[in-house]
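K.L.:
In numbering that gives the first Met the number 0, the protein residues as written are 0 to 466. Ideal placement from N, C-alpha and C gives every residue a C-beta, glycine not left out. These numbers were taken from a predicted model, which means no experiment stands behind them.
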Amino acid sequence: MKVFNTLSRKKEEFVPLEPGKVRMYVCGPTVYNFIHIGNARPMIVFDTVRRYFEYKGYDVNYVSNFTDVDDKIINKAIEEGVDSSVISERYIAECKKDMKGMNVKPATTHPLATEEIHGMIAMIETLIEKGYAYRAEDGTVYYRTRKFKDYGKLSHKNLEDLQAGHREIKVVGEKEDDLDFVLWKPKKDGEPYWESPWCDGRPGWHIECSVMAKHYLGDEIDIHAGGEDLIFPHHENEIAQSEAANGRQFSKYWMHNAFLNIDNRKMSKSLGNFFTVREISEKYDLQVLRFFMLSAHYRSPLNFSAELMEASKNGLVRILTAVERLGELLSSAADGEPAEKETAVRNQMKELVEKYEAAMEDDFNTADAVSAVFEMVKLANTSVDETSGKVLVEYVKSTVETLCGVLGIITEKREELLDADIEALIAERQQARKDKNFARADEIRNELAAKGILLKDTREGVKWTRA
């Protein structure tokens, strides 16, 4: 199995640190709002990587955090006049709903930064003892970037270039060097804080992931993954902290997915092309979003558009319809020894399985793996019919289902309610209530609830959300 390692900038044979096991850390979202479709790409991509490892028999310890203390969370809490934990808990719950809709498996562990503060303080103390960190006059603790001789090895940046491009105004008595970064910072009024040997305050962002990876996976891990925007400075700083503190290589392989563009432009609130996963779910089953995300290699930039989503929807329907048809054929297929023709079809399916696996083992090329699934669907539609025996129908159906499952694609057709359908049922319910036909009104509410549509009666009218 070949994996493109950002560290070496080349494909390498995957050899786990421990035979049969994979220790994998994926940077999760900062939870201050609904996740956007840019967040969704690494979730879907690395969930698929995990699923393929499991398909090949590996025991995967998959850790993906929630950053639940951050300036954006604090600002949102101040804006709403609530504790920051109210914001983070709300959006962790909403994120998990979206993840479920995208069929992203829960991680082995979803650590929260705020629950790992003790470990962060311990690692910072170690870095100070080893001379890699220092306390400034105001209680801020900084990392001595220049002391770590391998700094820049992931992003392939050198310190001279970084220094030349640095625009930060140096404050005398604060930092020893403009390139040093924060490990611990003093509290501000109204912010959450923790006691530490240096000051009451909170951790820097980078130290959080170093500590959570160490706690749940150990000093050295197999794979660290995330979006390419995290390569520098986040992942570079994680390496500097972890390797200086632990004295070991932090991660053997580094995997990064490319950016997602919207209609060939970078996603931005200012451009008005910023979409949350929740907004997408109002128009499409999130299985369509997942299928779309897997239609390109994870290291290739991906362009999101209505046309491409429609194409993904149609492609997914082709697969689901084929599986549904195979299920119908299976219910009436006869037992017996496979005919020669059926043996040929079975052999063709085996060749396509090999093609699928070859694609996935070449740095998880999901685009080519999906192509192999489409070839299986075509073979099923043209070579499996009412005359086919039970053994063949069952084999073809289970093979397509299994390989779709590795991609996280659910092959059972799900009835999709569009916004217009929901609004029509709500209108019918309102009329039923006016007519005092409360039984019908309750029936509609329950029918919608069964399909994941929750109603809330307010003074402004009926509000609805997808569960």
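#1: In chain order, what are the residue ranges of uninterrupted beta strand (DSSP E) at least 3 long that sit wholly in the region 27-70?
#2: Let me know the secondary structure DSSP gives residue 390 once reduced to three states.
#3: I'd like the list of long-range same chain contacts for residue 93, defined as Cβ closer than 7 angstroms, with 5 residues on each side in sequence excluded.
#4: Measuring straight from C-alpha to C-alpha, what distance separates residue 545 and residue 116?
#5: Cα separation between residue 153 and residue 7?
#6: Take residue 168 and list the residues in its own chain whose beta-carbon comes closer than 7 angstroms to its own, dropping the five residues that flank it on each side.
#7: Check whether the region 308-323 and the region 435-450 are in contact - that is, three or more C-beta pairs closer than 8 angstroms.
#8: Enumerate in chain order the residues of its own chain whose CB-to-CB distance from residue 312 is below 6 angstroms, with the five nearest sequence positions on each side excluded.
#9: Measuring CA to CA, which of 330, 241 and 447 is closest to residue 121?
#10: Is residue 408 helix, strand or coil when you go by DSSP?
#11: Mind checking residue 46: buried by the 16 CB within 10 Å criterion, or exposed?
#12: Between the Cα of residue 369 and those of 289, 393 and 390, spot the shortest distance and give me the residue it belongs to.
#13: Tell me the rounded alpha-carbon separation between residue 367 and residue 351.
#14: Roughly how far, in whole angstroms, is the beta-carbon of residue 257 from the beta-carbon of residue 227, given that I think they are within contact range, below 8 angstroms?
#15: Does DSSP classify residue 290 as helix, strand or coil?
#16: Just the Cα atoms here: how many angstroms apart are residue 381 and residue 160?
#17: Whose C-alpha, out of 43, 73 and 238, is nearest the C-alpha of residue 5?
#18: Going by other Cβ atoms of all chains shown within 10 Å of its Cβ, with 16 needed for buried, is residue 195 buried or exposed?
#19: Can you give me the start and stop residues for the alpha helix (DSSP H) that residue 117 sits inside?
#20: Measuring alpha carbon to alpha carbon, tell me which residue in 384, 89 and 339 is nearest residue 67.
#21: Report the option in 456, 460, 111 and 465 whose CA atom is closest to the CA atom of residue 449.
P.N.:
Reading from the atomic positions:
#1: 58-63, all fully within the region 27-70.
#2: When DSSP states are grouped into helix, strand and coil, residue 390 belongs to the helix group.
#3: 33, listed in sequence order.
#4: No answer is possible for residue 545: the residues shown for the chain start at 0 and end at 466.
#5: Separation of residue 153 and residue 7 (C-alpha to C-alpha, rounded to the nearest whole angstrom) is 8 angstroms.
#6: For residue 168, the predicted structure reports a pLDDT of 46, less than 50, and the residue's modelled location is therefore unreliable. The matter cannot be settled from this model.
#7: Not touching, per the Cβ criterion.
#8: If we look at residue 312 and ignore the five residues flanking it on each side, its Cβ neighbours are 287.
#9: Among 330, 241 and 447, the Cα nearest to that of residue 121 belongs to 241.
#10: Three-state DSSP puts residue 408 in coil, outside helix and strand.
#11: Only buried fits residue 46, as 16 or more other CB atoms lie within 10 angstroms of its CB.
#12: Each of 289, 393 and 390 was checked against the Cα of residue 369, and the nearest Cα belongs to 289.
#13: Whole-angstrom Cα-Cα distance: 11 angstroms.
#14: Contact flag correct, Cβ pair sits at about 6 angstroms.
#15: Here residue 290 sits in helix by DSSP.
#16: If you take the alpha carbons of residue 381 and residue 160, they lie about 60 angstroms apart.
#17: Ranking 43, 73 and 238 by Cα distance to residue 5 puts 238 first.
#18: Label assigned to residue 195: buried.
#19: Its alpha helix (DSSP H) spans residues 116-128.
#20: Of the candidates 384, 89 and 339, the one whose C-alpha sits nearest the C-alpha of residue 67 is 89.
#21: Of the candidates 456, 460, 111 and 465, the residue whose Cα lies closest to the Cα of residue 449 is 465.
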